[in-house]
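With the working numbering applied, the sequence shown has no gaps in its numbers, which climb one by one up to 550 at the end.
Heads up, the thing below is written out as structure tokens.
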Amino acid sequence: MAALGVAAATVCAIPAPASADTDQAGQVSGVVLRPGDKGEAVKLLQQKLHRGHYYFGKINGVYDEQTKMAVWALQKHRKMMPQGEVGSRVWSALERPARRRPLVPGGGANRVEISLRDQLLTVYRDRRPALITHISSGAEVRYCEGGRCGNAVTPVGDFRVARRAPGWTTGRLGSMFNSLYFVGGIAMHGSTKVPLRPASHGCVRVPLTTSKRLFEMVKIGEPVYVRGSIM
320 MAALGVAAAT
330 VCAIPAPASA
340 DTDQAGQVSG
350 VVLRPGDKGE
360 AVKLLQQKLH
370 RGHYYFGKIN
380 GVYDEQTKMA
390 VWALQKHRKM
400 MPQGEVGSRV
410 WSALERPARR
420 RPLVPGGGAN
430 RVEISLRDQL
440 LTVYRDRRPA
450 LITHISSGAE
460 VRYCEGGRCG
470 NAVTPVGDFR
480 VARRAPGWTT
490 GRLGSMFNSL
500 YFVGGIAMHG
510 STKVPLRPAS
520 HGCVRVPLTT
530 SKRLFEMVKI
540 GEPVYVRGSI
550 M
């Protein structure tokens, strides 16, 4: 069900400075960034991803793993092929609002939507996206761990958050961070491993930095809508 995790990162979400955009936007439109890069262009990227509700880590100018997964979220949300490279299409997408229909148009004003097809999780506040993140859901394979077997499936349907478990917890299938259980032992939770494929035992893995903000936002009883298929 869960991803293997070891230690939580210390993170904070810092709002972008009010002076950030127009002068720098034109300067970076032709800049290509890749994981491992550092500098002011990366800091601007993080600021823009934060404003778009994709990134909730440090605004530190370091293109690290958490920044890369925020880029994946934006790319998937804007119907691009997810990859770590940030070029003109990503910079352009960051300058314009998204035009995307919700999975459940008639859902509550405050809710969580999970698209298994797109491997995206969206938190709505007042019917507007307030957090958009890359995920890794159930791999939909048979597994056997510690003498017990099961099917690695994230269930589709309408649910509600029934239980919250802050910090790291460890079970027979691994460790989970800031878990939000919405059906039985299936939870949305932070993980150190959130690959570009469904890989969990059934839970919905979220990048560590984003899981902190997700846990702050989503409370007991919040609707969780899971739709689609990984096939």
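Glycine included, each C-beta is placed from N, C-alpha and C at the ideal position.
Quick caveat, the model's predicted, so the values are computed rather than measured.
Residue i and residue j look like a contact to me (Cβ under 8 Å); what is the Cβ gap, rounded to whole Å?
i	j	result
residue 502	residue 478	5 Å
residue 394	residue 409	7 Å
residue 412	residue 453	Wrong, their Cβ atoms sit about 15 Å apart, outside the cutoff.
residue 351	residue 403	Incorrect: roughly 11 Å between the Cβ atoms, too far for contact.
residue 543	residue 433	7 Å
residue 548	residue 435	6 Å
Which one of the options has the shortest CA to CA distance from residue i?
i	options	result
residue 545	383, 439 and 365	439
residue 520	482, 413, 458 and 443	458
residue 522	528, 468, 456 and 541	456
residue 397	371, 378 and 375	371
residue 414	368, 437, 357 and 474	368
residue 538	508, 400, 486 and 481	481
residue 381	353, 441, 407 and 406	353
residue 467	474, 484 and 490	490
residue 508	357, 515 and 486	486
residue 530	476, 376, 355 and 515	376
residue 442	421, 471, 366 and 510	421
residue 476	357, 418, 416 and 423	423
residue 389	541, 526 and 549	526
residue 357	416, 378 and 373	378
residue 528	349, 374 and 355	374
residue 444	437, 460, 401 and 536	536
Per DSSP, residue i is paired with what?
i	result
residue 430	443
residue 455	524
residue 494	489
residue 546	434
residue 593	With the chain covering only 320 through 550, there is no way to say anything about residue 593.
residue 450	442
residue 352	405
Looking at chain C, is there any beta carbon in it that lies within less than 7 Å of the beta carbon of residue i?
i	result
residue 358	Reference to chain C is not applicable here, since this structure consists of a single protein chain.
Spell out a yes or no on whether the region 359–371 and the region 487–497 are touching, meaning 3 or more CB-CB pairs, one atom from each, closer than 8 Å.
no
Secondary structure, beta strand (DSSP E): runs of 3+ residues fully inside the region 458–488
461–464, 467–470 and 476–479
Does the region 442–457 come close enough to the region 413–433 that 3 or more CB-CB pairs lie under 8 Å?
yes
Give the list of continuous alpha helix (DSSP H) stretches no shorter than 4 residues that lie fully inside the region 382–428.
The region 382–428 contains these whole alpha helix (DSSP H) runs: 384–396 and 407–413.
Within the region 499–535, note down every full beta strand (DSSP E) run reaching 3 residues or more, in order along the chain.
505–510 and 523–526
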